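Structure first, commentary second.
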Amino acid sequence: MSLAPGQPVIILKEGTTRTQGRSAQRNNIAAAKIIAEIVRTTLGPKGMDKLLVDNIGDVIVTNDGATILEKIDVEHPAAKMIIEVAKSQDHVVGDGTTTAVILAGELLRKAEELIEQKIHASTIISGYKKALDKALEVINENAIKIDLNDRATLRKVITTSLGSKSLGFAMDRLVDIAVDSVLSVVKEFNGKQRADKDDIQIVKKIGKSLGETELIRGVVVDKEVVHAAMPKRVENARIALIDSPFEIEKTEFSAEIRIRDPLKIKEFLDEETNILKGMVDKVKAVGANVVFCQKGIDDAAQFFLAKEGILAVRRVKKSDMEKLAKATGGRVVTNFEDLSPKDLGRAGLVEERKIGEDRMVFVEKCENPKAVAVLLRAGLERQLDEAERALNDAIMNMIDLVDDPRVVPGGGAIEEEIARQLRQTAGKLSGKEQLAYLAFAEAVEAIPRTLAENAGLEPVEIMAQLRHAHENGQRSVGVNIFGGGVIDMLAKGVIEPAKVKLHALRSSFEAASMILRIDDVVAASKKKEEKKKEGESETPEF
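The sequence shown begins at 371 in this note's numbering and counts up one residue at a time.
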């Protein structure tokens, strides 16, 4: 069967939309730029906060880029790609999410200008890639290796990280906690030092002030002592970690026992009691005076443990059991028969305390613990949540330094040095790639410019001073946020992990390249249920 001349051929389903060519690129770039603009004003110590309200009315006040982008609802696929940049940055290095998103948005803004000049997207991406390689080279050349025993330098890095957070007088306290917590859990792996975020437990409790946050050299277990007659405080604790029920296990199949002699009932019950007492005797025999059990503890076993003066906690989470093993040096035992003195962990103190409305068990004063806890306090829940986000960023910055102990000057100094060297070497490229190479330099300068804008300074004047300083060999000069003008960031102690900057540049380039390669967007129609739900929702979408 032949089609009549001019008759349209319908391939896509009804309701499917398709955007092609320049229009598709323009739409994608516009969506990405909107996401970048949302977080732009949060950058730096004088950045603003965002108030986020979800569809059930819960409110979050934050200037954390990762949190802002995680909480907002977006529909456009290009916008989602930019949000993935933030997630990647947050997951891998824990900080620099706002920088990465601003860079991605600026790279796309400059690319749009080049596309308007009839420069192909492939040429732009090629120029950007060469500029990225040079930018990474500049960071590696300017990075300064630090000693992890140099506490003063570590504090400067963490203070820079927390500079944009509203922590007030508690800043110094949280800086010390971030440094000490990570240094406590550092371990050797294949000849390199490593630290794992999972080894640092953050416990949030409303009450007291942020300045009364404390580092526990051990673990906090959000459970109570199981029996009222048990001791609530044990010094020089010898801890048994048991992943086995402290009770008579039920069979997998139904069973029925018929007892005709009443005297046999007592014997039967006595045997059950003897089994439980045998378990307690085993614990006592190995010298344990504290028991953490991942499973249940029978009432009779609780009584016998209390009688022996043994503190016991039941139904402890698996993750907490692992932390207890790392903190105390003990080993989690899955069978009572295997329990021996060498499996016991050690702690200077195990104590049940009332924190706010809850009772919790503190395992502290551990010798050389490889897991620690931070008890985070604040008077308001929102303040507590924001402090947790800040502390997570600080801890991740410390972990970055353990992995790669190099720093670069902050305040937009390293970005301006990258821009200067890109402008200097652009002449080595011929053709249209040179324009993309220079556009990358201008995009990177968005960081110091945004810092100046957010600080209420005159960005044109600041950028002129910054360029002049770097052209005269002052590589570590950046934006003086609090005093105005420009200043040497190394002398001022404003430094950041090199790893954060390296990853921000890579991830922003990858996101921009991915979006620039798209010239055709085919969007399927939404299901009726989704349309109806969307009509009921009042949450704005981008």
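Glycine included, every Cβ here is placed at the ideal spot set by N, Cα and C. In this text the structure is predicted, and so the values were computed from the model without any measurement.
Through-space distance from residue j to residue i, alpha-carbon basis
i, j, result
"residue 884", "residue 480", "15 Å"
"residue 686", "residue 651", "22 Å"
"residue 865", "residue 728", "40 Å"
"residue 711", "residue 673", "23 Å"
"residue 798", "residue 809", "15 Å"
"residue 876", "residue 661", "49 Å"
"residue 449", "residue 834", "33 Å"
"residue 721", "residue 844", "55 Å"
"residue 912", "residue 555", "With a pLDDT of 44 at residue 912, under the threshold of 50, the modelled position of that residue is not reliable, and the figure given next carries that caveat. If I take the Cα positions, the gap works out to 42 Å."
"residue 649", "residue 695", "21 Å"
"residue 538", "residue 424", "28 Å"
"residue 569", "residue 715", "17 Å"
"residue 742", "residue 764", "15 Å"
"residue 544", "residue 574", "14 Å"
"residue 400", "residue 536", "32 Å"
"residue 790", "residue 428", "45 Å"
"residue 838", "residue 846", "12 Å"
"residue 513", "residue 572", "31 Å"
"residue 476", "residue 861", "30 Å"
"residue 442", "residue 827", "29 Å"
"residue 766", "residue 509", "20 Å"
Residue from the options whose Cα sits closest to the Cα of residue i
i, options, result
"residue 752", "711, 677, 420, 517", "420"
"residue 656", "610, 701, 474", "610"
"residue 787", "760, 520, 815", "815"
"residue 498", "812, 832, 862", "812"
"residue 520", "777, 872, 642", "777"
"residue 466", "441, 436, 476", "436"
"residue 576", "774, 801, 758, 749", "749"
"residue 580", "432, 605, 761, 451", "761"
"residue 855", "717, 868, 823, 769", "823"
"residue 456", "495, 408, 430", "408"
"residue 804", "557, 667, 484", "484"
"residue 977", "664, 632, 618", "Examination of residue 977 is not possible in this model, given that the chain is present from 371 through 912 alone."
"residue 745", "468, 509, 489, 583", "583"
"residue 644", "668, 663, 488", "668"
Buried/exposed call for residue i, threshold 16 Cβ in 10 Å
i, result
"residue 820", "buried"
"residue 597", "buried"
"residue 707", "exposed"
"residue 434", "buried"
"residue 426", "exposed"
"residue 681", "buried"
"residue 873", "buried"
"residue 463", "buried"
"residue 559", "exposed"
"residue 504", "buried"
"residue 734", "buried"
"residue 920", "Absent from the model: residue 920. The displayed extent of the chain is 371 to 912, so no value can be given."
Residue(s) in a DSSP beta bridge with residue i
i, result
"residue 563", "558"
"residue 779", "865"
"residue 432", "420"
"residue 848", "857"
"residue 833", "Paired residue(s): none; residue 833 is not in a bridge."
"residue 715", "609"
"residue 546", "None; residue 546 has no bridge partner."
Residue i vs residue j beta-carbon contact at 9 Å
i, j, result
"residue 697", "residue 493", "no"
"residue 852", "residue 415", "yes"
"residue 782", "residue 870", "no"
"residue 616", "residue 658", "no"
"residue 772", "residue 527", "no"
"residue 676", "residue 565", "no"
"residue 601", "residue 679", "yes"
"residue 768", "residue 524", "yes"
"residue 395", "residue 491", "yes"
"residue 478", "residue 792", "no"
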